[in-house]
Amino acid sequence: MTSKRFTLSLVVAAAAALLLTACNPIPAEPPVTAGVPTPGSACQERNEIARETLAGTPPSPALARFDAADRKAFASSAFGYLCELSEVVGPRESATQEELESAEFLMERFTELGYSPEMQDFGRWTTVKDLRPPPGPSRNIILELPGRGEGVVILGAHYDTTPDSVGANDNASGVGVLLALAERLAQPPWSNQAVSVFPFTLRFIAFGSEETGLHGSWHYVDQLTDAELADIWVMINLDSVGSGTTLFAVGNPWLTRHVSEAAEREGVLLTIGRRWLSGGFSDNFSFGDAWVPTIFFSGNDISRINSPDDTIEFINPALLGDTAVLVLDLLASLEDLQCGCR
Ligand SMILES: [Zn+2]
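Our numbering runs 3 ahead of the 1-based position in the sequence shown.
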């Protein structure tokens with residue numbers, strides 16, 4: 004995290020080793036560098052503007068686990084991916100050739116990060132099990148980061164859009180954060196030889212055909228066995244996390260309570276919704292419907308989603324970094340939160 008942490012590293016090394024086995028803390032990070040993926044040339048200027056905006060990121064509170072440099076690095080990384088998906092790939096309407104091309108783009112990106120992503124096909128012609136088939140063939144992209152214990156946590160974001168929308172906020176923002184987290188978590192100190200410090204498998208899923216009725220997530224849950232479903236501790240859903248001035252979360256109370264505390268500690272503005280539908284309708288519903296605990300993050304301005312106005316000009320890069328640190332804090336705390344809350 005901070006350079007101060009490293010000046011103290013010898014002193015805290017023994018304590019950190021004990022803590023790692025005792026309570027699953029957030030491990031010390033190496034110094035943060037630029038952290039920005041290499042974008043296509045179309046995004047270079049955009050990324051530069053975002054970095055200028057992020058230069059004004061205020062210092063984190065004294066007790067924060069992530070300093071301003073961490074948040075900026077996450078924000079820059081996620082914004083770079085968001086730009087590629089919205090400005091370079093463009094509209095990716097559910098169950099179309101464009102959606103397929105964007106899925107192939109994401110397969111490439113996740114592979115470059117060292118993962119082995121799989122495409123899960125679904126749709127009218129690919130399965131007879133779907134209770135709610137999409138209007139045509141579509142696919143989810145699934146990849147895993149094994150951990151040091153049993154159980155599964157799902158971090159999901161849909162990648163499709165409505166027609167004629169580049170979906171910068173809905174939902175290149177969620178996918179951008181997903182990629183930024185996948186990138187960071189594949190590296191030390193979070194992972195060693197492709198095994199993370201978490202006591203569970205972290206499964207990243209980019210869902211297809213959300214916009215036409217949560218088809219990707221519905222299919223995913225539908226094809227799980229009872230035992231596979233029971234293994235899922237939590238589903239974290241990111242949808243439209245890029246616009247507005249504050250983040251919004253809705254979900255099971257034991258999760259939102261924890262995230263609310265983390266937000267206060269990190270100096271992140273967060274509003275908690277009290278009703279399931281106060282956050283809109285998204286892939287977390289497919290999991291909640293199967294009694295999986297869920298939490299859903301979005302930004303507080305969803306006024307332009309599902310329209311041609313949902314463009315990168317209205318993205319607040321800081322929200323992407325804030326989302327990443329709240330998700331990371333939650334992942335690092337889940338072991339302590341295990342409370343039989345299902
Ligand atoms: Zn969405």
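Backbone N, C-alpha and C define an ideal beta-carbon position, used for all residues, glycine too.
SER212: not part of any alpha helix (DSSP H); DSSP gives it neither H nor E.
Beyond the five residues adjoining it in sequence on each side, GLU121 comes within less than 8 angstroms, by CB distance, of ILE144, ILE145, LEU146 in the same chain, given in chain order.
By the criterion of a C-beta distance shorter than 6 angstroms, ILE305 is surrounded in its chain by SER243, once the five residues flanking it on both sides are discounted. Minimum Cα-Cα distance from ASP73 among the listed residues ILE239, LEU333, ALA327, GLY83 corresponds to ALA327. Contact between GLY159 and MET238 is confirmed by a C-beta separation of about 6 angstroms, below the 8 angstroms threshold. Around the Cβ of LEU88, a 10 Å sphere holds 16 or more other Cβ atoms; the residue is buried. Under the 8 angstroms Cβ criterion, the stretch 61-77 does not count as touching the stretch 99-108, having fewer than three qualifying pairs. Cβ-Cβ distances below 7 angstroms link ASN174 to ALA160, HIS161, TYR162, ASP242, SER243 in the same chain, with the five nearest sequence neighbours on each side left out; the list follows chain order.
Runs of alpha helix (DSSP H) with 4 or more residues, each lying fully within the stretch 213-253, are found at 218-225, 229-233, listed in chain order. GLU90 sits in a helix when the DSSP states are folded into three classes.
Rounded to the nearest whole angstrom, the CA to CA distance from ARG49 to PHE82 is 9 angstroms. The secondary-structure analysis by DSSP pairs ASN195 across a beta bridge with VAL198. In this structure, the alpha-carbon of ASP229 lies about 45 angstroms from that of LEU57. In the DSSP assignment, ALA160 falls within the beta strand (DSSP E) that extends over 155-161.
Annotation: ILE52 is outside any beta strand (DSSP E); the continuous alpha helix (DSSP H) that includes it extends over 47-57.
PHE317 sits in a helix when the DSSP states are folded into three classes. DSSP lists no bridge partner for GLY283.
A distance below 7 angstroms separates the beta carbons of THR274 and PHE251. Annotation for PRO94: GLU101, THR164, PRO166, ASP167, SER168, VAL169, GLY170 place their beta carbon closer than 8 angstroms to its own, counting only its chain and skipping 5 residues before and after.
Rounded to whole angstroms, the gap between the alpha carbons of GLY59 and SER80 is 17 angstroms.
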